[in-house]
Amino acid sequence: AQKVTQAQTEISVVEKEDVTLDCVYETRDTTYYLFWYKQPPSGELVFLIRRNSFDEQNEISGRYSWNFQKSTSSFNFTITASQVVDSAVYFCALILSGGYQKVTFGTGTKLQVIP
Amino acid sequence: EPEVTQTPSHQVTQMGQEVILRCVPISNHLYFYWYRQILGQKVEFLVSFYNNEISEKSEIFDDQFSVERPDGSNFTLKIRSTKLEDSAMYFCASRTGPENTEAFFGQGTRLTVV
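These protein sequences, in sequence, are chains P and S. Reminder that position 102 of the first sequence reads as 128 in this note's numbering, one-by-one numbering, no gaps. Reminder that position 44 of the second sequence reads as 152 in this note's numbering, one-by-one numbering, no gaps.
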């Protein structure tokens, strides 16, 4: 069975600092997809990024960047120049390829950005 | 942009009552899911639904729970005889199919059992 581990339960940073959220996953499948979701205090899940197992290119989107390394089964998320609006719980997730596969979530990392 | 819609956003119910949480998945999606998140905890899988039947369910999804797609557009989660520990955020999600594995989540229904 697949598993997603987010070892950092809570992180606090001062505004404008960079912060990296760690994600380590386990699966025996060779085809899978990794995700990051943001959950602001209002509670909804906001999709941030999807990555498939065959694409190890790092991605940058504004202040967000993602580092996918299959060799270490990691999919880390970095926020550059953090802002107060980045304060949220961030979930890393995994889904296997094929039909009705379910999304497996990590336990989440609560990020607090202090002004 | 199409989205998954859940109603109500917040439901308060008395212990022992039945509740129905409603979801309208994205129209061309074929796979539907319910997830649960107890406050401060991880998002947990409850059930997946495809071709008008349950394709997988977790150990959480016991006889108290049922799902239905009554009219081809709505996807409902029924909780019979609610318990205090059913208080949680419930998320509905849908996917187009195996080629596109992004799951689109609704905004959630916060269920409070008192």
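Note that CB positions come from ideal geometry on N, CA and C, so glycine has one too. Note that the structure is a prediction, hence the values are computed from the model and not measured.
Neighbouring residues, chain S, relative to T133 of chain P (Cβ below 7 Å): K150
Return the CA-CA distance between D55 of chain P and L122 of chain P, expressed in angstroms with no decimal places. 7 Å
Are the C-beta of E109 of chain S and some C-beta of chain P separated by less than 9 Å? no
Alpha carbon to alpha carbon, how far is E167 of chain S from V112 of chain S? 25 Å
For the putative contact between E41 of chain P and S108 of chain P, defined by C-beta atoms under 8 Å, what is the C-beta separation to the nearest angstrom? 6 Å
Buried versus exposed, by CB contacts within 10 Å (16 or more), F80 of chain P: exposed
Roughly how many angstroms lie between the CA atoms of S100 of chain P and M197 of chain S, to the nearest whole one? 28 Å
Coarse secondary structure for L192 of chain S, derived from DSSP in three states: helix
Can you find the residues in the same chain that come closer than 8 Å, C-beta to C-beta, to M123 of chain S, ignoring five residues on each side of it along the sequence? T190, K191, L192, V221 and V222
Delimiting residues of the beta strand (DSSP E) encompassing K165 of chain S: E161 to K165
F199 of chain S and Q149 of chain S look like a contact to me (Cβ under 8 Å); what is the Cβ gap, rounded to whole Å? At roughly 13 Å, the Cβ-Cβ gap does not stay under 8 Å, so F199 of chain S and Q149 of chain S are not in contact.
For a test of your reading of the model: does the CB of V132 of chain S fall under 8 Å from any non-hydrogen atom of the ligand HEM? Yes or no. Here there are no bound small molecules, and the ligand HEM is not part of this structure.
May I have the straight-line CA-CA distance separating T184 of chain S from P178 of chain S, to the nearest angstrom? 8 Å
Go to T46 of chain P, then tell me how far its beta strand (DSSP E) extends in each direction, as first and last residue. V45 to L47
Inspect the beta-carbon positions of D44 of chain P and T135 of chain P and report whether they are closer than 9 Å. no
Helix, strand or coil: which one does DSSP assign to V110 of chain P? helix
Which residues in the same chain have their Cβ closer than 7 Å to the Cβ of V139 of chain P, if we skip the five residues on either side of it in sequence? V39, E41, S108, Q109, V110, D112 and S113
Could you give the DSSP three-state label for K29 of chain P: helix, strand or coil? strand
Name the chain P residues whose beta carbon is nearer than 9 Å to that of F153 of chain S? K128, V129, T130 and F131
Beta carbon of F117 of chain P nearer than 9 Å to that of V151 of chain S: yes
Once you ignore the five residues that flank K165 of chain S on each side, which residues in its own chain have a CB closer than 6 Å to its CB? V155
Report all residues from its chain with a CB closer than 6 Å to the CB of F157 of chain S; omit the five preceding and five following residues, and keep chain order. F140 and V175
Status (buried if at least 16 other CB within 10 Å, exposed otherwise) for Q65 of chain P: buried
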